[in-house]
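Enquirer:
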Amino acid sequence: MMNLRHSAKTLVVSAIALTVCMQSGCSNPTDAGKTASRKVDEIFEPLNVATQPGAAVMIIRDGKILHKGHYGFADLDRGIPITSETNFRLASVSKQFAAMAIMILEEEGQISYDDPISQYVPELAAYPGVTVRHLLQHTGGLPDYYDLIDTSGDVPTNDDALRLLGEMASPAFAPGERYEYSNPGYDMLGPIVEAAAGRPFVDFVRERICQPLNMSNSLVHDHTFPDIPNRAIGYDPVADGFEPND
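The structure is reproduced here in structure tokens:
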């Protein structure tokens, strides 16, 4: 769910876990780059102490790469350090890709922002008045089911989310009444894209976004669990180190 386990779909992009655009008082661009690199190294250097999860960092100024750094480990059990080839889960940064998919369909006349969401996903008829625009703008009022959905077995999918939303059938507030950041709202953009485009969300993102932009190391991680080379594993800190929480 939009960490994207959005239907168990998670966007993973290679090489850059963090992009920082920095301004510097240095008049010489070379000096600015050295200053930025030193400051960022100081921030992330603690991740190189012992074996712990880390990050990949890139600093860009005026379209030029001033610094690339890799800190810590992508896989603690196998002792694999993070490199420029490491793939990271994008979590909620993937929301922009779901929104872009909707915008492509809108530009092509296959979706209107003001269409009711039930037009594409009948299971959401319990939420009358909620439009595609409401979901995009976090004003739809879909209830948050994250604490209720079963994660004890297989990774939940959009079908699970749709079923639970239908059972809840109780908006958090009237559509458009207020802004409230909504993971469920963006989860539901996935099945809307599928209904309007007539093909799986994973295929649409690959064919209409990733391939045209030459994002050859980027993909949607769906219920098929595709092989992802050089993937960073997720961890939680515990008393005696870290445990996987992927």
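Going by this note's numbering, the first residue of the sequence shown is number 83, and it counts up by one from there. The C-beta atom is built at its ideal place from N, Cα and C for all residues, glycine as well. Being a predicted model, the structure only gives us computed values, none of them experimental.
Can you tell which of V302, G316 and D322 has the C-alpha that lies nearest to the C-alpha of P135?
Expert: Here the closest residue by C-alpha is G316.
Enquirer: Going by C-alpha to C-alpha distance, which of V275, K177, D269 and L301 sits closest to R313?
Expert: Checked all of V275, K177, D269 and L301; the closest Cα to R313 is L301.
Enquirer: In the DSSP assignment, find the unbroken beta strand (DSSP E) run with G151 in it and report its ends.
Expert: It spans K146 to Y153 - the beta strand (DSSP E) in which G151 sits, taken as one unbroken run.
Enquirer: Inspect the CB distances between the segment 151 to 167 and the segment 178 to 194 and report whether three or more fall short of 8 Å.
Expert: No contact exists between the segment 151 to 167 and the segment 178 to 194.
Enquirer: Using the Cβ count rule (16 or more neighbours within 10 Å means buried), how would you classify D269?
Expert: Buried, because 16 or more other Cβ atoms sit within 10 Å of the Cβ of D269.
Enquirer: My output table needs one value for A132: the three-state DSSP class, helix, strand or coil.
Expert: Coil, per DSSP.
Enquirer: Based on the DSSP secondary-structure assignment, which residues constitute the bridge partners of Y317?
Expert: Answer is P326.
Enquirer: Check whether the Cβ atoms of D196 and T213 lie closer than 7 Å to each other.
Expert: Cβ distance < 7 Å, so D196 and T213 count as in contact.
Enquirer: Buried or exposed: where does D304 fall if 16 or more other Cβ atoms within 10 Å of its Cβ makes it buried?
Expert: By the 10 Å Cβ count, D304 comes out buried.
Enquirer: Residue ranges of each alpha helix (DSSP H) run of no fewer than 4 residues wholly in the segment 170 to 213, ordered along the chain?
Expert: Counting only runs of 4 or more, we get 177 to 189.
Enquirer: Going by DSSP, which residues form a beta bridge with L246?
Expert: None; L246 has no bridge partner.
Enquirer: Tell me the DSSP secondary structure of R288 in three-state form.
Expert: Of the three classes helix, strand and coil, the one that applies to R288 here is helix, per DSSP.
Enquirer: Is the Cβ-Cβ distance between A278 and I193 less than 7 Å?
Expert: A contact, by the Cβ cut-off of 7 Å.
Enquirer: Spell out a yes or no on whether the segment 239 to 250 and the segment 290 to 298 are touching, meaning 3 or more CB-CB pairs, one atom from each, closer than 8 Å.
Expert: The segment 239 to 250 vs the segment 290 to 298: no contact.
Enquirer: Rounded to whole angstroms, how far is the Cβ of Y153 from the Cβ of L129, which I believe are closer than 8 Å?
Expert: Right, their Cβ atoms sit about 4 Å apart.
Enquirer: List the DSSP bridge partners of A137.
Expert: Note: A137 sits in a beta bridge opposite Y153.
Enquirer: Once DSSP output is grouped into helix, strand and coil, what is the label at V237?
Expert: Coil.
Enquirer: Sorted by chain position, which residues of the same chain lie with C-beta nearer than 8 Å to R290's C-beta, five sequence neighbours on each side aside?
Expert: The answer, listed in chain order, is A183 and I186.
Enquirer: According to DSSP, what are the bridge partners of P282?
Expert: Answer by DSSP bridge pairing: none, since P282 is not bridged.
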